[in-house]
Every structure is written in structure tokens, then in C-alpha cells.
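Residue numbers (the working numbering): 117 to 1000.
Ideal placement from N, C-alpha and C gives every residue a C-beta, glycine not left out.
Worksheet for the structure shown next.
If you want it as C-alpha cells, here you go:
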């Protein structure tokens, strides 16, 4: 009864009773860890299987010692045991490996430390600062550095490893490197070839070439055994593409011989990697001489082609995809491409383990090869589960709505590849490839689980721009955008620009999925002001304080203001195509500052309300526009595209039945193309990319009105033709006016010029983007060529109706300065870009040369007054943001 009361009291108080502890010499009482400094005791105890209260087991202790050694942090581990109060006390005495605090590369010249670290990361060498010192990792790192140097032609390089202590328990590692001489390939000799010439056989080799001016730039004149092995495979493939299926390439003979070459002046360099050779003064160097022996064999044709094991597709369908026609020359490349097409075809039906096996039967008498294609279809797989990892901000549903595969549906490799492209086009993540997805078939069921690993990019994009323009004055701008607002995929952007003559503000918001349907909707609000002062632009004078008597107060000046909003929507159809529509509401005004401005604008009818005989007002413009659009895009990434193309076409209709007082139409066409170019510099970390953009537009008025001046087109600047100032390219016209002399009152003629702006524009941009560094930030070198101009093609819409003193109206056609409304402008050069992930907009330094430009004086047709249009031949610019 008394014992029951005790247990009842413990139960009521919430205290669990503890069984009395008894002594057991085979039980582990406690575990201690000693001598550890860097690795926490809890981490060590977590990795051992023995726990307090367990029965002492020597096999478990031995397993724990092996597990701790496997962590790679310890040089020595000892386990001691002693008797405790209730059992045994285990003590793990560890000796930690010293930490690597410094890594030096002494004598390294042919490759950079960035190259070495990149190779370490790619091959997971495991050597870096703050890792535990491990001689095996040091040895592996040494071998990889030697491999890198061998790829650069330093075959005889040697590396000594030195270590030094860094108290209290760290170590420094020094790779002392003697690169040795660079040995180039002097001669590649092809032996045994009769069907194809030496040049054609050598042309099949892409990684190894004989020393020459071009190979010195591409680094292909250095020997490396793996590169030579790849090129021997290419020689075999070249023969097999032409029917020589039994070709054999013997083991190459590689010799290093002394060879005489001309000495050069080392400080006077030609465009090639040679100095100026000095006659009659030579030196001996080591050179590689490679002999490749080819046993060509006979040429074979395709004989009978049969298929077995197929059930999903008929024999005729498979043979059609393979494209092998009996009687044609056997081509192994066609066969491989046919198998790739079959793999894609079966993958679209869910057969992810599809395997084709060709069996060749050679008829040496008739020189034909029969093919029997054995098909192993395996099972059709369904999608069981799709999961995502790494998206800390982006919601799962934002990713899932871009996935074309549905859980429970048949797996399709084509739909999965298309899904990855759609995700890349969002710009939310680092580039997604097939390696980012884990497709795991179930061992017994016909199901696959898919896990997609993503790495989110910075959602914010910040850009800055500024400069000085002959049209726009000095200005400074900033833009901010986020393409994944709150992780739901919405886009929000703000663009602000202020300056002496131009300022604008734009705020926009886009919802890509309205009510979880693929309907993109959004709006933007804008306001801008623009002031043009011809006196200042031509002569650099302040229009508020002009000298008298020079006629400068009559120069062309005006101020343009506009404000409004856009509402837009688009809907996808047929894969990567979208149809869209935009409605724009805008009110604007153009105010004249002096009589010269009025003389020009008041006599060009730009709105339906203007009546030149009754009044000369051009100050108010009310535009109401509808813009249908079509977009097709397979561009891989919006920030750093490596492939794909896009086409955008739109047609802006303003006025008419929509209201307002201006009427014009404007079709716009833009095409961009990106292609990865890997063969020029395969050693670079990233892939070179050829980028092309063409953009054209045309605008014209209707209902007997001209295009308003503020809608006319100017070109020039960092985003179309880079070597020219912003808005400095466009037609320039003479303006003839008659003024009364301030002293005599007699009428005198007057010449003026006006930057008309074009109604038709076209620009072609070509870039070759070379990634120099791809790490925390991306550095890109991009040679470029920009070609374009802005022209007036509807000259009749710039006809001026001038009211004379007697009330009559005369019609004057626009007169252009020679060359300003014809031809093209060209700018070429090189651009250095720095893309930082946190900003997602490149900082760009542009070095431009302008071979086609205007730099001359023009004389007015009435008084002969001189006007100068000047464009610098060379320009250096800094800006933020990409051209396209």
C-alpha cells in the first residue's frame, strides 16, 4: 500500500520513476572525446554507433574507428576504456589533421590559378583553404596541375611539394612548379592513305594541328595524348562516314626531335603569336613529330536492313526514322543520328530505357554490310511524382505550371526537355540542363520519380545609364526590376531618368498567370518630358541668355511632355508562341519656345484639329492606341542566352475609331538569334555565343495628318548603334523662313535646320560573346558590328503649308541635308561586360570605331549659313544594361 502511494504521487506530479541503476561491467556508462580542437565533440559522437547504455561490443568500436577515419579529419584515433561506477567509460583520443590555411603556386605561368581551381572543382579534388591536410588530395592536385600544363604543351613540367607550419595547428602547401619548355607539334605525317589526301585526313583532326600562325592562337599546336586519341577517333569516324567501315588506325608513333627555328625579336609583335624573324640566326628547340598509319580497307554499301523486337512502332516507321537506304554508301554517322532520333521518338512515348543494338554482317565479296537492328523497348513509364529542390523563394506552383508533364501521365522526354527550356526562359534560376533532373525508375513498377534541382538567381535587376547627347543633353537614369515578386513570378519594374533636356518615369507590373491560367496581364504608367534647344545644340549657347544680333533667338526650340498608361495581355498557343494586345492612353503637348519652332511645327499638320489659315496650334495631342502582337521565342535565358531565337511582330493603330486627335500606324518587327560556338576556344569555362539582332519599324499617318514629332524615330546610343551619341542619328532638314529686319523692317531670308526624325528605322547588331571568367561574376568580351539608320520615306507627310502675307497658302516640301536621309551608319569595336548576379544587368565598357558617319559642314540654301554635323570617329563609353 505504501509502494502504491509512492507511485501514485509520482504519477500525479508528472515525474517518471527511474529504475535503480545497477553495476554492469559489460555496459557502456559514458563516452568521452579528448584532444579535438576543430571538430565538435557532438559531431564525433554523432558519427559513432556506440551509445551510453549499450552493451560493450568490440566489433562496434572497431566499426566506429573506421567511420571516424572516413571523415577525413583525423590522423590518429585511439579508444581507451576504464571501469566506471555502473559500467565502462569509453574515451576516444583523436589527433586532428592540420588545416590547410595557405596554398601557393610558385612558378605557374602557362595557366592561371583560376584555371587550376576550376579544374579542382570539376574533378572534385577536394583541396582548398580550410580543408584538412590530406597527402592523397595533395598528390591528386599535383597530377591535375601536371595535366593542365601538359594540355598547354608543357609536357616536361615538374612539381615539388613543400609544406610549412602555420601555428597553432595549420599548414601551408606550396606547389613549386618548373614548367619546362613548351614543345609544339612540328609535323603530322599520315601514312597508308590512298583514298583521301593528307589534307583531308588532317582536316578531320580538330584538337591537334601542326604549328602555325593560327594554331598558335587556338593552342592546337601543343601535344596531349588524350587530344590525339580523340582525333584518331575522328579519323576513324571520317572514314566510316564514307563507307570504309573496316578502317584501322594503328598506334601513332610520337617522337621528340631537335628542330631549327628562326629567332625573333621578342618585343616587336605581329598580329600572330610570332616575333619578327631574324634571318640567318636560328636556334634548336624540341618539337613533336607524329606519324599516323591508316589501313583504309574497302568501301562498303548498305545491304539489307531489318528490325526485330519492336512493338510500339512498325518496321516501316523505324526504317523511315533511321533513313538507311540499301545501295547507298554506308555512313556510320547517319546510323548514330538515326539511333538518336529513335531514342527521342521512344522517349516521347515513355520508353526511357529504350536500347537499339546494331548487328553488322559484312559481305566481303560484294562489299556490302547488312544491318539487323535489335530493339529492346523495355517498359513504358508513367510519371509518379515530380519534386523540386533548391527553390527557397520561388513557390512550387510557379515551377510546376511551367512543367508540361503531369503526375500520372505517360513520361515524355520531349515534354520534359521543353519544360526545362520554359523554366530557363523565366530567368529565375541558373541554367537548367538534363544533369539538374534525376529521373529514377521504380525497380518493379512502370513508374518514374522526377526530382529537379534548381539554384535561384538574384530576383532583383538594377541598372544605371547616363551620358551626354547632342539631342538629349546630359542625363542620368536608374531602373529597378524584379522578375519574381514575392516568389509568385510577377514582374515589377521602375525606370527613372532625369537630365538637362530629358526626363521620364515608367512604372509597370505584370502578372504572368491570371487566376492560375496562362494569361499574362499587366499595366504600366508613364510620364516623360523632352526639351530641344537648337541654339545650345549647334553652338553650345544658353537659350535663356542669347547674344543679340546673330539671329540665334530664332533657332528651333520646343518642349514635349506626355503622360498616360498601358494595359496589356497575352495568351500562349502552339508551344512557344504568344498572341498579345495592348491598349495605350496618352495625352501630350508640344510647346514652342520661339518663332522658329512655330514656323516649322505650325505648318505641318499633325492632328485633325489643326487649321493653318485659322490658327497655328500644335500644342495638344491625344492618342488612343491598340497594339496587337505576335511573339515566338525559344531563347534559352533572358539574361545570358546560349541558344534559341525569337521573333516579335506588332502593329500599332492610333486614332481613327479609337478617338484622340492623332492618326498613325506603326508595324514593328524584331528577330534575335543566339548560337553556341564551342569550336573556336573550347578551353574557356563557358561557351562562346554568336548573337544577332535585327529590328525594323515604319510609321505613317492617315486621315490627312502627319506623324507627331514626338513619335518620330532617332537612333544612336548604347542600345542600337553603340559608337554614336544617343538620338544623334536621323534625317536633318533645312527650314527656310522670312523675318523682318529689326532696324529697317525689311523682310530678310533666314536659314534654320531641324532634326526631323525618321518614319522608318532598321538596325542590325552582331556580337560574338566570349566568356572570359565565369565565377561569382561573369566577364565577357564581345566584338560587335552595328549597322542601321533612321530615314524619312513618307516625305509628303512633312509637306509644310505656309500662309503668306496676302492670305494665300504655299506648299513647301522638306529639304534634307545631303547624306542625312540616305545610307547607313556603322559602328564596330569591342565591348567588355561584367555581369554581377545581384544586379543581373551588365556593366559595359565600349570601345567603338565609326567607319560610316557624318562629319562635315553644310551651307544653307538661302543665305549660305554654315551648319556642322560632327560625329567622332572613335568613342569610349560606359553604361549599364544590354543592347539586346
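Exposure label - residue i; buried when at least 16 CB within 10 Å
i: residue 364; result: exposed
i: residue 930; result: buried
i: residue 255; result: exposed
i: residue 985; result: buried
i: residue 847; result: buried
i: residue 336; result: buried
i: residue 1016; result: Any question about residue 1016 goes unanswered here, given that the chain covers just 117 to 1000.
i: residue 638; result: buried
i: residue 222; result: exposed
i: residue 964; result: buried
i: residue 180; result: buried
i: residue 278; result: exposed
i: residue 664; result: Any reading at residue 664 is ruled out, since the residue's pLDDT is 44, under 50, leaving its predicted position unreliable.
i: residue 560; result: exposed
i: residue 313; result: exposed
i: residue 788; result: buried
One or two residues paired with residue i in a DSSP bridge
i: residue 567; result: 503 and 554
i: residue 700; result: 682 and 741
i: residue 181; result: Per DSSP, none; premise fails for residue 181.
i: residue 707; result: 675
i: residue 165; result: DSSP lists no partner for residue 165.
i: residue 985; result: 972
i: residue 746; result: 695 and 765
i: residue 437; result: Paired residues: none, contrary to the question.
i: residue 910; result: Partner(s): none; residue 910 has no beta bridge.
i: residue 964; result: 945 and 991
i: residue 613; result: 593 and 620
i: residue 884; result: 806
i: residue 146; result: 205
i: residue 69; result: Here the chain has residues from 117 to 1000 only, and residue 69 is not among them.
i: residue 644; result: 620 and 678
Beta-carbon proximity of residue i to residue j, cut-off 9 Å
i: residue 191; j: residue 211; result: yes
i: residue 695; j: residue 745; result: yes
i: residue 457; j: residue 438; result: yes
i: residue 327; j: residue 347; result: no
i: residue 736; j: residue 682; result: no
i: residue 544; j: residue 510; result: yes
i: residue 563; j: residue 497; result: yes
i: residue 488; j: residue 406; result: no
i: residue 209; j: residue 194; result: yes
i: residue 938; j: residue 902; result: no
i: residue 412; j: residue 310; result: yes
i: residue 828; j: residue 900; result: no
i: residue 960; j: residue 983; result: no
i: residue 825; j: residue 833; result: no
i: residue 632; j: residue 675; result: no
i: residue 915; j: residue 927; result: yes
i: residue 245; j: residue 290; result: no
i: residue 403; j: residue 260; result: no
i: residue 524; j: residue 479; result: no
i: residue 874; j: residue 831; result: yes
i: residue 538; j: residue 446; result: no
i: residue 248; j: residue 292; result: no
Residue-level contact to chain B via CB, residue i, 9 Å cutoff
i: residue 427; result: Among the chains of the structure shown, chain B does not appear; only one protein chain is present.
Q. Does the region 558-575 come close enough to the region 610-630 that 3 or more CB-CB pairs lie under 8 Å?
A. no
Q.
Using a Cβ distance threshold of 8 Å, determine whether the region 857-873 contacts the region 810-822, with at least three qualifying pairs required.
A. no
Q) Curious, which full-length alpha helix (DSSP H) runs of at least 4 residues does the region 215-284 contain? A) 229-239 and 251-267
Q. Is the region 945-952 close to the region 882-902, with three or more CB pairs under 8 Å?
A. yes
Q) Curious, which full-length alpha helix (DSSP H) runs of at least 4 residues does the region 287-357 contain? A) 314-319, 329-334 and 341-356
Q. Quick check: the region 139-149 against the region 197-206, are there 3 or more CB pairs under 8 Å?
A. yes
Q) Should the region 257-273 be called in touch with the region 282-299, which here means at least 3 C-beta pairs below 8 Å? A) yes
Q: Check whether the region 513-527 touches the region 538-553, taking contact to mean three or more Cβ pairs, one atom from each stretch, closer than 8 Å.
A: yes
Q) Is the region 969-978 close to the region 807-816, with three or more CB pairs under 8 Å? A) no
Q: May I have a chain-ordered list of the alpha helix (DSSP H) segments no shorter than 4 residues that lie completely inside the region 440-474?
A: 448-464
**Q.** Completely contained alpha helix (DSSP H) runs for the region 483-537, where each covers 4 or more residues
**A.** 512-516
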